[in-house]
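*Asks:* Line by line, the protein sequences give chains H and U. Going by my numbering, the first sequence opens with residue 175, and the numbers climb by one from there. Going by my numbering, the second sequence opens with residue 175, and the numbers climb by one from there. We put the CB at the ideal spot given by N, CA and C, even for glycine. Pasting a structure below so you can have a look.
There are 2 protein chains.
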Amino acid sequence: MARTPVDLARKLSAFSDHWSPKVVARLNDYEVKVVKLAGEFVWHAHDDTDELFLVLAGTLTIRLEDGEVSLGPGQLFVVSRGVRHCPVADGEVHAVLIEPTGVVNTGDAGGPLTARYDDSLA
Amino acid sequence: MARTPVDLARKLSAFSDHWSPKVVARLNDYEVKVVKLAGEFVWHAHDDTDELFLVLAGTLTIRLEDGEVSLGPGQLFVVSRGVRHCPVADGEVHAVLIEPTGVVNTGDAGGPLTARYDDSLA
């Protein structure tokens with residue numbers, strides 16, 4: 175029986191909302207999510223976990239309290255647990271997030287950009 | 175201070191050996207590895223963990239006991255824990271592996287393709 179892989183571009187073509195990660199795969203107690211980003215997010219931290227960002231399209235800057243990192247397609251960065259950061263997308267960015275199940279996108283900040291859990295594409 | 179992201183293509187350009195995963199980033203107690211694959215690997219399973227394959231270049235077929243999955247660039251697949259599988263690369267394949275720290279590439283099979291732990295690119 176032929177299995178179907180997870181095609182990241184196809185998953186990303188299935189939605190248009192920003193800052194709303196969609197679970198596309200699970201790895202033990204971790205989740206692989208795709209997300210579209212545009213503009214500036216909120217400063218926040220995840221006190222209990224690191225968070226991996228992999229950019230597939232566009233340019234994402236992750237502001238940190240002591241600097242920043244700029245990611246283009248095929249580049250990844252891991253924000254360590256407890257590190258305050260603010261993602262800023264130059265235009266629209268397509269990215270993959272990998273983190274433990276249940277991590278909320280706005281971390282300790284909360285607020286209107288807090289996304290509802292969405293595994294409808296998994 | 176500007177931080178440097180992990181550029182997957184650049185990491186892959188730094189070596190040429192096959193079936194020898196190189197750690198390029200850490201996410202809690204998980205590792206992100208890049209690897210070059212060519213030809214057929216060995217049938218094996220990882221009894222304690224799922225294993226994520228993301229293909230960046232080439233075509234990778236993962237044979238499973240009840241079928242197979244074929245992955246091209248931008249496609250991923252998670253082999254569930256305990257599932258016997260045999261990766262087969264059509265030509266040279268560049269891929270990302272994500273799994274807990276310490277997972278050995280040949281799992282329960284061992285043998286000459288068992289890779290030495292390599293985090294020299296991390």
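Using only alpha-carbon positions, find the residue among U/VAL208, U/PRO274, U/LEU201, U/HIS218 that is nearest to U/ALA183.
*Replies:* Reading the second sequence from its first residue, position 9 is the one you call residue 183 of chain U. Of U/VAL208, U/PRO274, U/LEU201, U/HIS218, the residue nearest in Cα terms is U/VAL208.
*Asks:* Assuming H/GLU214 and H/CYS260 are in contact, meaning their beta carbons sit under 8 Å apart, how far apart are those beta carbons, in whole angstroms?
*Replies:* Here residue 214 of chain H corresponds to residue number 40 of the first sequence, with the count starting at 1. Here residue 260 of chain H corresponds to residue number 86 of the first sequence, with the count starting at 1. About 7 Å; that satisfies the 8 Å criterion.
*Asks:* Taking only runs of the beta strand (DSSP E) that begin and end inside the region 240-293 of chain H, which ones reach a length of at least 3 residues, in chain order?
*Replies:* Segments of the beta strand (DSSP E) lying fully in the region 240-293 of chain H: 241-245, 249-253, 259-274.
*Asks:* Tell me the rounded alpha-carbon separation between U/GLU242 and U/LEU201.
*Replies:* Within the second sequence, numbered from 1, the residue matching residue 242 of chain U stands at position 68. Within the second sequence, numbered from 1, the residue matching residue 201 of chain U stands at position 27. The alpha-carbon atoms of U/GLU242 and U/LEU201 are separated by roughly 29 Å.
*Asks:* Residues of chain U with CB under 7 Å from H/ASN279, in chain order?
*Replies:* The sequence position of residue 279 of chain H within the first sequence is 105, counting from 1. Those do not exist, as H/ASN279 stays about 17 Å from chain U at its closest Cβ, beyond 7 Å.
*Asks:* Does U/LEU230 come out as helix, strand or coil in the three-state DSSP assignment?
*Replies:* For the purposes of this step, residue 230 of chain U is taken as the residue at position 56 of the second sequence. Strand, per DSSP.
*Asks:* Chain H partners of U/ALA199, CB-CB under 9 Å?
*Replies:* For the purposes of this step, residue 199 of chain U is taken as the residue at position 25 of the second sequence. Those within 9 Å of U/ALA199 in chain H are LEU226, LEU250, PHE251, VAL252.
*Asks:* Specify the secondary structure class of U/ALA183 as computed by DSSP and reduced to three states.
*Replies:* In the second sequence, the residue the question calls residue 183 of chain U occupies position 9. Reduced to three states, the DSSP call for U/ALA183 is helix.
*Asks:* Spell out whether any CB of chain U is found under 7 Å from the CB atom of H/THR302.
*Replies:* Outside the displayed range of chain H (175 to 296) lies residue 302 of chain H, so it cannot be described from this structure.
*Asks:* So H/LEU201 is in the beta strand (DSSP E); what residue range does that whole segment cover?
*Replies:* Stepping through the first sequence from its first residue, residue 201 of chain H is reached at position 27. 196-201 is the span of the beta strand (DSSP E), which, as asked, contains H/LEU201.
*Asks:* Contact between the region 249-264 of chain H and the region 284-293 of chain H is defined here as three or more beta-carbon pairs at a separation below 8 Å; is this criterion met?
*Replies:* Touching, no, given that fewer than three Cβ pairs across the two stretches are closer than 8 Å.
*Asks:* Verify the CB distance criterion: does H/ALA119 have a CB-CB separation below 7 Å to chain U?
*Replies:* With chain H covering only 175 through 296, there is no way to say anything about residue 119 of chain H.
*Asks:* In terms of alpha-carbon separation, which member of U/LEU211, U/GLU239, U/HIS192 lies closest to H/ARG177?
*Replies:* To locate residue 177 of chain H, count along the first sequence from 1; it is residue 3. With distances taken between Cα atoms, H/ARG177 lies closest to U/GLU239.
*Asks:* Compare the C-alpha of H/ASP224 against each of U/ASN279, U/LEU211, U/HIS220, U/ASP203 and name the closest.
*Replies:* What you label residue 224 of chain H is simply residue 50 of the first sequence in a count that begins at 1. The candidate whose alpha carbon is nearest that of H/ASP224 is U/ASP203.
*Asks:* Within the same chain, show all residues whose beta-carbon is closer than 6 Å to that of U/THR235, passing over the 5 residues directly before and after it, in chain order.
*Replies:* Here residue 235 of chain U refers to the residue found at position 61 when the second sequence is read from its first residue. Cβ neighbours of U/THR235 beyond the five flanking positions: GLU242, SER244, VAL262.
*Asks:* H/LEU182 CB to nearest chain U CB: under 7 Å?
*Replies:* Taking the first residue of the first sequence as 1, we reach residue 182 of chain H at position 8. Chain U contact via Cβ: present.
*Asks:* To the nearest angstrom, how far is the alpha carbon of U/ASP221 from that of H/ASP264?
*Replies:* The residue given as residue 221 of chain U occupies position 47 in the second sequence. The residue given as residue 264 of chain H occupies position 90 in the first sequence. Between U/ASP221 and H/ASP264, the C-alpha separation is close to 43 Å.
*Asks:* What are the residues that DSSP puts in a beta bridge with U/HIS218?
*Replies:* Within the second sequence, numbered from 1, the residue matching residue 218 of chain U stands at position 44. U/HIS218 is bridged to U/HIS259.
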